[in-house]
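Engineer: Mind looking over this structure? Questions follow.
Residue numbers (this note's numbering): 217 to 272.
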């Protein structure tokens with residue numbers, strides 16, 4: 217038996233159904249969890265100007 221795990225972040229119901237259809241899943245078990253994940257951290261970094269000319 218193959219096991220697929222397809223995270224679908226904030227997928228709409230239509231997108232979730234597309235995933236099921238495209239992977240040809242039969243009676244998939246779907247688990248929905250919240251966003252509160254203390255084991256994950258998110259950060260952003262300011263990008264550098266790498267001298268790219270406008271228009272490229």
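Yeah, the Cβ is synthetic: ideal placement off N, Cα and C, and Gly gets one too.
Determine the DSSP secondary structure at residue 252, reduced to helix, strand or coil.
Structural biologist: Coil.
Engineer: For residue 236, report the span of its alpha helix (DSSP H) as first-last.
Structural biologist: First-last of the alpha helix (DSSP H) with residue 236: 229-238.
Engineer: Tell me the rounded alpha-carbon separation between residue 237 and residue 226.
Structural biologist: So the alpha carbons of these two residues sit roughly 18 Å apart.
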